[in-house]
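Per the working numbering: the sequence shown ends with 272, consecutive numbering throughout.
Heads up, the beta-carbon is just placed ideally off N, CA and C, and yes, glycines get one too.
Worksheet: the structure to be examined is printed underneath.
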Amino acid sequence: MILDCRIAILDLMPIPRKSKRTEKSLPAFVSQQVVKSKRYFVDLLPDQTPALSVACGGYEQVRKDYVVNRTDFPYFCIEFVCAGSGRVWLGECATTARVEDSLALHKGTIFAYGPGIPHRIETNSRQTLRKYYVDFVGRQAGSRLRRMGFTSGSVLRVSHPAEISEIFDLMLRCGSPASVHSKTLCTQLLGVLLAKVNQRMLPEEAVDDRAFRTYERFRTALIERCVDWQSVESACVAAGISPEYACRLFARFGEDSPYRLLTRQRMSLA
Numbered sequence: 003m004i005l006d007c008r009i010a011i012l013d014l015m016p017i018p019r020k021s022k023r024t025e026k027s028l029p030a031f032v033s034q035q036v037v038k039s040k041r042y043f044v045d046l047l048p049d050q051t052p053a054l055s056v057a058c059g060g061y062e063q064v065r066k067d068y069v070v071n072r073t074d075f076p077y078f079c080i081e082f083v084c085a086g087s088g089r090v091w092l093g094e095c096a097t098t099a100r101v102e103d104s105l106a107l108h109k110g111t112i113f114a115y116g117p118g119i120p121h122r123i124e125t126n127s128r129q130t131l132r133k134y135y136v137d138f139v140g141r142q143a144g145s146r147l148r149r150m151g152f153t154s155g156s157v158l159r160v161s162h163p164a165e166i167s168e169i170f171d172l173m174l175r176c177g178s179p180a181s182v183h184s185k186t187l188c189t190q191l192l193g194v195l196l197a198k199v200n201q202r203m204l205p206e207e208a209v210d211d212r213a214f215r216t217y218e219r220f221r222t223a224l225i226e227r228c229v230d231w232q233s234v235e236s237a238c239v240a241a242g243i244s245p246e247y248a249c250r251l252f253a254r255f256g257e258d259s260p261y262r263l264l265t266r267q268r269m270s271l272a
């Protein structure tokens, strides 16, 4: 009876918990102009000697007044736009921020900056940016980014943006809540992310916003509504495009044909 009472009292006692990082305790370089965010911090003072080493990362749905204006940054950073639109200035043009010097940001665009690179990021107030980011260091960090085409003053575009988002989401799950494995897992996934961006990167001449958006909508419709279509032709009728044009879009932006994609999706549900 006495033991039962002691257990009951213990059950009522508050259990000490680790305090979560609040907005006030966020590092100074992290923007608080957000509506929603998910972040992880694995090592804010990472060792520079490994090839790559992740410091932190996350996801941000920004406010309508979101503006980031920095002259420097402690890490290399990759940012990926998964929704919304905005503008970015990279390099010396960030100090003057003339509209004609800006680079457009849309779903599927990805850019990078790092130590000594001024940058300014603004959102479209009507279509606010939703983006992922990862901050990292390492003896190969700068050279890896340059080889991929992440030079100062350039924005890249990728096809299949959902695949890029999946890797960033996995990094979030591995990084938060933090564990003894978080840093290793996130750094390994950074290598996967760089390889995936290399695979899905679109050549500059292939970037046609209207055609790319049509491709993305049609590909998404084939995947999400595969059971609704008798054939690719019937999906094309609903999308208002011809089968020939659909095939040209897939040849231009993808690695498959619409026919193979629809067949594969149906087989996965069988």
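Separation of residue j from residue i, as counted between CA atoms
| i | j | result |
| --- | --- | --- |
| Ala240 | Gln232 | 12 Å |
| Phe252 | Pro48 | 41 Å |
| Ile112 | Val83 | 6 Å |
| Asp258 | Asn200 | 17 Å |
| Glu168 | Pro205 | 22 Å |
| Ala164 | Glu94 | 32 Å |
| Val139 | Ala57 | 7 Å |
| Thr98 | Arg250 | 41 Å |
| Lys38 | Val64 | 7 Å |
| Lys133 | Pro245 | 33 Å |
| Leu224 | Leu195 | 25 Å |
| Arg262 | Ala248 | 12 Å |
| Val182 | Gln50 | 19 Å |
| Asn71 | Phe31 | 10 Å |
| Ala237 | Ala180 | 45 Å |
| Pro260 | Glu226 | 13 Å |
Three-state class that DSSP yields for residue i in the structure shown
| i | result |
| --- | --- |
| Ile225 | helix |
| Phe170 | helix |
| Val59 | Note that residue 59 is Gly in the sequence shown, not Val. Strand at Gly59. |
| Asp211 | helix |
| Glu257 | coil |
| Asn200 | helix |
| Ser127 | coil |
| Leu147 | helix |
| Arg159 | strand |
| Arg293 | Any answer about residue 293 is impossible in this case: the structure gives the chain only from 3 up to 272. |
| Asp137 | strand |
| Arg19 | Caution applies to Arg19, whose pLDDT of 45 falls short of 50 and renders its modelled position unreliable; the value that the coordinates give is listed next. Coil. |
| Phe152 | coil |
| Gln194 | Residue 194 is actually Val in this sequence, not Gln. In the structure shown, Val194 sits in a helix (DSSP, three-state: H, G or I). |
| Arg100 | coil |
| Asp13 | Any reading at Asp13 must be qualified, since the residue scores a pLDDT of 49, below 50, and its modelled position is unreliable; the value itself is stated next. Three-state result, Asp13: helix. |
| Ala237 | helix |
| Ala248 | helix |
| Ala53 | coil |
| Ser178 | coil |
| Gly93 | helix |
| Asp45 | coil |
C-beta atoms of residue i and residue j nearer than 8 Å
| i | j | result |
| --- | --- | --- |
| Ala197 | Arg141 | no |
| Cys79 | Tyr135 | yes |
| Glu124 | Gly88 | yes |
| His121 | Val90 | yes |
| Val234 | Leu271 | no |
| Asn126 | Gly86 | yes |
| His108 | Asp171 | no |
| Gly177 | Val44 | yes |
| Leu28 | Gln35 | no |
| Phe220 | Ile243 | yes |
| Lys66 | Thr153 | no |
| Ile166 | Arg128 | no |
Same chain only: Cβ atoms within 7 Å of residue i, ignoring 5 sequence neighbours per side
| i | result |
| --- | --- |
| Arg268 | Cys228 |
| Thr189 | Leu54, Ser55, Val56 |
| Asp103 | Trp91, Cys95 |
Residue(s) in a DSSP beta bridge with residue i
| i | result |
| --- | --- |
| Gly88 | Leu107, Thr125 |
| Ser39 | Glu62 |
| Tyr115 | Cys79 |
| Val70 | Ile123 |
| Arg132 | Gln63, Ala85 |
Beta-carbon contacts of residue i that lie in its chain and below 8 Å, excluding the five residues immediately before and after
| i | result |
| --- | --- |
| Gly116 | Phe75, Tyr77, Phe78, Cys79, Ala143, Gly144, Leu147 |
| Leu192 | Leu54, Val56, Val136, Phe138, Met173 |
Cutoff 6 Å; reference residue i; Cβ partners in own chain excluding five residues on either side
| i | result |
| --- | --- |
| Gly110 | Arg159, Val160, Pro163 |
| Lys40 | Gly60, Tyr61, Leu174 |
Any C-beta of chain C under 8 Å from that of residue i
| i | result |
| --- | --- |
| Pro52 | No chain C is part of this structure, which consists of one protein chain only. |
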